[in-house]
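Report on the structure given below.
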Amino acid sequence: MAQHFPDQKLMARMSARMLLELGAIRFATDRPFMFTSGLASPVYVDCKRVISYPALRGTLLDFLLATIDRDIGRASFDVVAGGESAGIPFASWIAAKLSLPMVFVRKSPRGLGPQASIEGDLDPGARVLLIEDLTTDGASKLQFCKALRRAGAVVDDAVVLFFYNIYTDTQASLSRNGLRLHWLADWWAVLEAAREMGVFGQAELTDLEQFLHAPLEWSGEHGGATRIGTG
Numbered sequence: 001m002a003q004h005f006p007d008q009k010l011m012a013r014m015s016a017r018m019l020l021e022l023g024a025i026r027f028a029t030d031r032p033f034m035f036t037s038g039l040a041s042p043v044y045v046d047c048k049r050v051i052s053y054p055a056l057r058g059t060l061l062d063f064l065l066a067t068i069d070r071d072i073g074r075a076s077f078d079v080v081a082g083g084e085s086a087g088i089p090f091a092s093w094i095a096a097k098l099s100l101p102m103v104f105v106r107k108s109p110r111g112l113g114p115q116a117s118i119e120g121d122l123d124p125g126a127r128v129l130l131i132e133d134l135t136t137d138g139a140s141k142l143q144f145c146k147a148l149r150r151a152g153a154v155v156d157d158a159v160v161l162f163f164y165n166i167y168t169d170t171q172a173s174l175s176r177n178g179l180r181l182h183w184l185a186d187w188w189a190v191l192e193a194a195r196e197m198g199v200f201g202q203a204e205l206t207d208l209e210q211f212l213h214a215p216l217e218w219s220g221e222h223g224g225a226t227r228i229g230t231g
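Under full-length UniProt numbering, read the sequence shown as residues 1 to 231, first letter to last.
Below, the structure written as structure tokens:
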């Protein structure tokens, strides 16, 4: 019997609405947010807020599991990994739901050796699924992926709640490094949901749309970087 999964667009729309409802989407045009990559943005997503809302959190975790089942398959990995620090709770919940071991990856190694960035037991050759809260330009996902591979793991897929999906080279760069990205919602889903819900004014929505269509140009005009470096 064929297995049926929730509609991808419906999950994206509902995920975007939930992020808006719990206040995870922040807007600031007068003083743009500056990312560690140097990029400037009028909007910011704080997926860490999800951990404090159990009902919405449960639905989003169900959507993550449906995405894993539809796009990857549970038989494709043996271990779940979370990135320090925002990815750790989501990886922990997914690992618990799937009854699988979990590790987490540090941003900086502690000590020496190939597993200096890994906390938890990770056997060489283990197939690892990387779980994170979000990705902007993909750089941190590659950093975590490379750390896992140095430790002997096989890493082909990463799953995030939110993908910016506005920087043109992100997916190509991840693909060149052998990593497939899967996500629930992106900025286009948020823009649609924000219009439906009326949570931002028209001026803010116009600014957001201008940013989404030309994020690097917007960043440069507001004191940020004009290029990304995903490796």
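Think of the CB as a built atom: it goes at the ideal place given N, C-alpha and C, for glycine as much as any other residue.
None of the values given here were measured: they were computed from a predicted structure.
Beta strand (DSSP E) segment containing residue i, residue limits
{"i": "Lys184", "result": "It should be pointed out that residue 184 corresponds to Leu in this sequence rather than to Lys. Taken as a continuous stretch (DSSP letters only), the beta strand (DSSP E) holding Leu184 covers Arg180 to Asp186."}
{"i": "Ala158", "result": "Val154 to Phe163"}
{"i": "Phe200", "result": "Looking at the DSSP string, Phe200 is not in any beta strand (DSSP E), and its letter there is neither H nor E."}
Burial state of residue i (16 or more Cβ within 10 Å)
{"i": "Val159", "result": "buried"}
{"i": "Glu132", "result": "buried"}
{"i": "Asp137", "result": "buried"}
{"i": "Ala193", "result": "buried"}
{"i": "Phe144", "result": "buried"}
{"i": "Ser37", "result": "buried"}
Endpoints, alpha helix (DSSP H) assigned at residue i
{"i": "Asp149", "result": "Checking the displayed sequence, the identity of residue 149 turns out to be Arg instead of Asp. Looking at the DSSP string, the run of the alpha helix (DSSP H) that includes Arg149 is Ala139 to Arg150."}
{"i": "Thr135", "result": "Taken as a continuous stretch (DSSP letters only), Thr135 belongs to no alpha helix (DSSP H), being part of the beta strand (DSSP E) at Arg127 to Thr135."}
{"i": "Arg31", "result": "Looking at the DSSP string, Arg31 is not in any alpha helix (DSSP H), and its letter there is neither H nor E."}
Distance CB(residue i)-CB(residue j) smaller than 9 Å
{"i": "Pro101", "j": "Leu208", "result": "no"}
{"i": "Leu129", "j": "Phe63", "result": "no"}
{"i": "Ala28", "j": "Val190", "result": "no"}
{"i": "Thr170", "j": "Leu161", "result": "no"}
{"i": "Ala24", "j": "Asp46", "result": "yes"}
{"i": "Gln8", "j": "Thr67", "result": "yes"}
{"i": "Phe163", "j": "Ala185", "result": "yes"}
- Task: Take every Cβ of the region 84-99, pair it with every Cβ of the region 114-132, and state whether three or more of those distances are shorter than 8 Å.
- Result: yes
- Task: Could you say if the region 194-207 and the region 219-229 meet the contact criterion of at least three C-beta pairs nearer than 8 Å?
- Result: no
- Is the region 172-183 touching the region 134-148, taking contact as three or more C-beta pairs under 8 Å? yes
- Task: Let me know the beta strand (DSSP E) ranges lying completely inside the region 34-119, each 3 residues or longer, listed in chain order.
- Result: 43-45, 79-83 and 102-105
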